[in-house]
Ligand SMILES: *Cc1c(COP(=O)(O)O)cnc(C)c1O
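Numbering (the working numbering), first residue to last: 17 to 256.
Spelled out as structure tokens, the structure:
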């Protein structure tokens, strides 16, 4: 297995190449290192190789790692997993971004519980772009209403959309879904000119090229930076 610094360099090179083929500026695409189930030491390795933005899915696991890594105080923490209402206070306090907002109740709690001194919490609404019953996120139909409501919450900055297309054997097959997410963001920008809607959080290890071709501004990469996830079952159990 390659070391994290080599893997991170490979992923960064893929992002550059994908930006080039899409005639986009690579500086407009940022990498979120998805570190769920990885021990703090692996995050530290990624940090030493240059990663500064980390995405976590399970609250307790993330808080433990944040504690271990407090010395690395320029890490930007993103919450990207499902959110239960009893977890909103800790999420609003310990993260800069939340990519997985799909309900007004959760958005209101994050808004009410965001410590004022931290400034607005950056929010992406999760879109279930392929209408999969098993997947989190609002449908395109529900998006307009939820975005309108979240846009009015003063302690949240509505930054954009996050989506995970249906599994595809060929990542190119996801391009249509990614394009629909991009179109939805464009529409939101028109209806909410006062919101800083600049973020398309889409693309993972298998399909970052397709996502970048359709306008992704944040790609969320786990496996291709850290390798296969250890212990996923144990981490899931801890988070319950
Ligand atoms: C785990 C996860 C990722 C990373 O997936 P990889 O295929 O390992 O790159 C990205 N986004 C979300 C929401 C995830 O839960």
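Even for Gly, the Cβ is constructed at its ideal location relative to N, Cα and C.
Here the structure is a predicted model, which means the values were calculated and not measured.
Worksheet item: Roughly how many whole angstroms lie between the Cα atoms of residue 165 and residue 220?
Response: Here the alpha carbons of residue 220 and residue 165 stand approximately 29 angstroms from one another.
Practice prompt. Pull up the CB-CB distance for residue 173 and residue 212, whole angstroms please, since I reckon it's below 8 angstroms.
Written response: 6 angstroms
Worksheet item: What three-state label does DSSP hand residue 219 in the structure shown?
Response: In the structure shown, residue 219 sits in coil (DSSP, three-state: anything other than H, G, I, E or B).
Worksheet item: Expressed to the nearest angstrom, what Euclidean distance is found between the alpha-carbon atoms of residue 227 and residue 43?
Response: 15 angstroms
Worksheet item: Quick one: is residue 121 buried, meaning 16 or more other Cβ sit within 10 Å of its Cβ, or exposed?
Response: Under this definition residue 121 is an exposed residue.
Worksheet entry | Three-state class that DSSP yields for residue 67 in the structure shown | coil
Discussion item. For the beta strand (DSSP E) containing residue 234, name the first residue and the last one.
Written reply: 234-237
Worksheet entry | Coarse secondary structure for residue 245, derived from DSSP in three states | coil
Discussion item. Measuring only the C-alpha atoms, how far is residue 152 from residue 158?
Written reply: Going by the C-alpha atoms only, they are around 13 angstroms apart.
Worksheet item: With 16 other CB atoms within 10 Å as the buried threshold, where does residue 186 fall?
Response: Exposed, by the Cβ-count rule.
Practice prompt. Check whether the region 58-77 touches the region 32-40, taking contact to mean three or more Cβ pairs, one atom from each stretch, closer than 8 angstroms.
Written response: Segment contact: the region 58-77 against the region 32-40, fewer than three CB-CB distances shorter than 8 angstroms; contact not assigned.
Item to complete: Return the CA-CA distance between residue 123 and residue 103, expressed in angstroms with no decimal places.
Response: About 12 angstroms.
Discussion item. Please determine whether the Cβ atom of residue 153 lies at a distance below 6 angstroms from any heavy atom of ligand 1.
Written reply: Residue 153: no, Cβ never under 6 angstroms from ligand 1.
Worksheet entry | Sheet register partners of residue 173 (DSSP bridge) | 138
Worksheet item: Run through DSSP, which three-state label would residue 112 get?
Response: coil
Worksheet item: For the beta strand (DSSP E) that contains residue 49, what are its first and last residues?
Response: 46-50
Worksheet entry | Secondary structure of residue 143, DSSP reduced to three states | strand
Worksheet item: In three-state terms, what does DSSP make of residue 256?
Response: Because residue 256 carries a pLDDT of 45, less than 50, the predicted location of this residue cannot be relied on, and the following value inherits that uncertainty. Residue 256 falls in the coil class under three-state DSSP.
Worksheet item: Can residue 73 be considered in contact with ligand 1, in the sense that its beta carbon sits closer than 6 angstroms to one or more heavy atoms?
Response: yes
Worksheet item: Applying the criterion that 16 or more other CB atoms from any shown protein chain within 10 Å of the CB defines a buried residue, is residue 246 buried or exposed?
Response: exposed
Fill in: Closer than 6 angstroms: residue 50 CB and nearest ligand 1 heavy atom
yes
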